[in-house]
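These notes are about the structure you will find just below.
In our numbering, the protein residues as written are 11 to 63.
Written as structure tokens, this is what we have:
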């Protein structure tokens with residue numbers, strides 16, 4: 011499985027002194043399912059061997 015993540019940081023300003031600070035964040039992760047044609051190939055790996063001398 012392959013996953014992609016993104017992070018968005020949220021900023022705010024202190025009302026008393028005006029300094030900017032990180033007030034939080036949001037993370038998002040997207041997962042991609044395996045391609046069905048690759049699953050068949052991966053399932054067959056290591057099951058047979060072709061040898062010639």
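Just so it is clear, CB atoms sit at the ideal spot from N, CA and C, and this is done for glycine as well.
Predicted model, so just to flag it, every value in this text is computed and none were measured.
With distances taken Cα to Cα, identify the nearest neighbour of residue 17 among 36, 41, 28, 43.
Distances from the alpha-carbon of residue 17 to those of 36, 41, 28, 43 put 36 closest.
Using the C-alpha atoms, what's the distance from residue 12 back to residue 39?
10 angstroms
Counterpart residues of residue 12 in DSSP-defined beta bridges
Its beta-bridge partners are 42.
With H, G and I counted as helix, E and B as strand and the rest as coil, what does DSSP make of residue 28?
coil
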